[in-house]
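Here the sequence shown stands for residues 614 to 810, where the numbers follow our numbering. Written below as C-alpha cells is the structure these notes are about.
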Amino acid sequence: MIKVGLTGGIGSGKTTVSKMFKELGVPVYIADDAGKELMNSSTEIREKIINLLGKESYNEDSPNRPFIASKVFKDKELLEQLNGIIHPAVAQHFKEWIARQSYPYIIYEAAILFEKGSQKNFDFTVLVSAPKEIRIKRLLERDNSNREDIEARMDNQWDDAAKRRIADFEIINEEIEHSKKQVVQLNDIILKSAKIS
Numbered sequence: 614m615i616k617v618g619l620t621g622g623i624g625s626g627k628t629t630v631s632k633m634f635k636e637l638g639v640p641v642y643i644a645d646d647a648g649k650e651l652m653n654s655s656t657e658i659r660e661k662i663i664n665l666l667g668k669e670s671y672n673e674d675s676p677n678r679p680f681i682a683s684k685v686f687k688d689k690e691l692l693e694q695l696n697g698i699i700h701p702a703v704a705q706h707f708k709e710w711i712a713r714q715s716y717p718y719i720i721y722e723a724a725i726l727f728e729k730g731s732q733k734n735f736d737f738t739v740l741v742s743a744p745k746e747i748r749i750k751r752l753l754e755r756d757n758s759n760r761e762d763i764e765a766r767m768d769n770q771w772d773d774a775a776k777r778r779i780a781d782f783e784i785i786n787e788e789i790e791h792s793k794k795q796v797v798q799l800n801d802i803i804l805k806s807a808k809i810s
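This is the structure:
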C-alpha cells in the first residue's frame, strides 16, 4: 500500500483538499483530528499535558484549547514538548488505522510533516499551498482569531518555499474547481504508481 503524506501551512486548505481525495474513495487519516481525539480520550495524555502546562489546560475532561494555544504558540520549547506527548500517540493510532485499510493508497494529513523529517515515512508527499493573504483571510473568517495570533502560528511552521523543495507534488488551493482538477490528476498518477509497484 502506498502512503502519501499531505501537508500545508495553516489556512492553506489541507482539509478541503483531503475531502476531495475522500470523495474519490481514498482513505484519509487526519493527524490533527486524531491528536484532538486522543487529547480528549486518553487519561495518560491528559495527565502529561496537565503536568506540562498546569491544571488550566483542561476543563474537567476536555482540553482548554484557547489556553493551550496561548501557551504553546508563543513558546517554541513548550510546543516541542506538547508535540512530544501527542505525536507518538498519534503515530501508534495511525499504525492501527492503516492496518485496517485495503485501498491501493492512503493519505496522511498533518500540519507538520517536513519540520519533523516525517517525509521519510511516505512514498510521496503533497504540499497544499495558497498565498499568505488568502490563508490569513480564511483563518480570520474560520477561527475568530486576530491577525497577530494567526501570524504567530504561521511563524511556527516552515514557509511554502522550504516545503516546496522537499514535496513531490503541489496542489495550489486558491479556487475550488481548479483544486479539484489537480486532485483528480494526482489521484490518477498515484493509482498508476500503485499498479506498477
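A virtual CB, placed ideally from N, CA and C, is assigned to each residue, including glycine. The structure presented is a predicted model; accordingly, all values stated were derived computationally and were not measured.
Using DSSP with H/G/I as helix, E/B as strand and the rest coil, what is residue i?
i, result
"PHE735", "coil"
"LYS616", "strand"
"SER758", "coil"
"PRO676", "strand"
"SER625", "coil"
"SER654", "helix"
"GLU690", "helix"
"ILE681", "helix"
"SER742", "strand"
"VAL641", "strand"
"GLN787", "Correcting the residue type first, residue 787 is Glu in the shown sequence and not Gln. In the structure shown, GLU787 sits in coil (DSSP, three-state: anything other than H, G, I, E or B)."
"PHE803", "The residue you asked about is not Phe; residue 803 is Ile in the sequence shown. ILE803: helix per DSSP, three-state reduction."
"ILE779", "coil"
Could you give the distance in angstroms between the alpha-carbon of residue i and the alpha-carbon of residue j?
i, j, result
"GLU709", "ILE749", "35 Å"
"LEU753", "MET767", "13 Å"
"GLN795", "GLU761", "32 Å"
"GLN871", "HIS706", "Nothing about residue 871 can be read from this structure; the chain reaches only from 614 to 810."
"ALA775", "ILE711", "29 Å"
"GLU636", "GLU746", "28 Å"
"SER683", "PRO701", "23 Å"
"PHE782", "GLY667", "41 Å"
"ASN759", "GLY621", "20 Å"
"GLU690", "ASN664", "15 Å"
"THR656", "ASN757", "30 Å"
"ALA780", "ASP674", "38 Å"
Among residues of its own chain, excluding the 5 on either side of residue i, which ones have a beta-carbon nearer than 8 Å to its beta-carbon?
i, result
"LEU662", "Looking at the sequence provided, one finds Ile at residue 662 rather than Leu. Same-chain partners within the cutoff: MET652, SER670, TYR671, PRO676, ILE681, LEU695 and ILE698."
"SER792", "GLY626, THR629, VAL630, MET633, ILE784, ILE785 and ASN786"
"VAL617", "TYR718, ILE719, ILE720, TYR721, PHE735, ASP736, PHE737, THR738, VAL739 and ILE803"
"GLN714", "MET614 and PRO640"
"ARG777", "LEU740, SER742 and GLU783"
"PHE679", "Phe is not the amino acid found at residue 679; the sequence shown has Pro there. Nothing listed; no residue qualifies."
"LEU692", "VAL685, PHE686 and ASN769"
Could you check if residue i is buried or exposed, using at least 16 other CB atoms within 10 Å of its CB as the buried criterion?
i, result
"ARG659", "buried"
"VAL739", "buried"
"ILE643", "buried"
"ILE763", "buried"
Assuming residue i and residue j form a contact by the criterion Cβ under 8 Å, report the distance between their Cβ atoms to the nearest whole angstrom.
i, j, result
"VAL639", "ASN800", "7 Å"
"SER742", "ASP773", "5 Å"
"VAL703", "GLY648", "5 Å"
"ASP645", "ALA724", "6 Å"
Please return the same chain residues whose Cβ sits closer than 7 Å to the Cβ of residue i, not counting the five positions on each side in sequence.
i, result
"ALA807", "ILE615, PRO717 and TYR718"
Grab me the residues of residue i's own chain with a C-beta within less than 6 Å of its C-beta, minus the 5 sequence neighbours each way, in chain order.
i, result
"ARG751", "GLY624"
"GLU728", "TRP771"
Taking 8 Å as the cut-off, is the CB of residue i close to at least one heavy atom of the ligand FAD?
i, result
"ARG713", "The ligand FAD is absent from the structure shown, which contains no ligand whatsoever."
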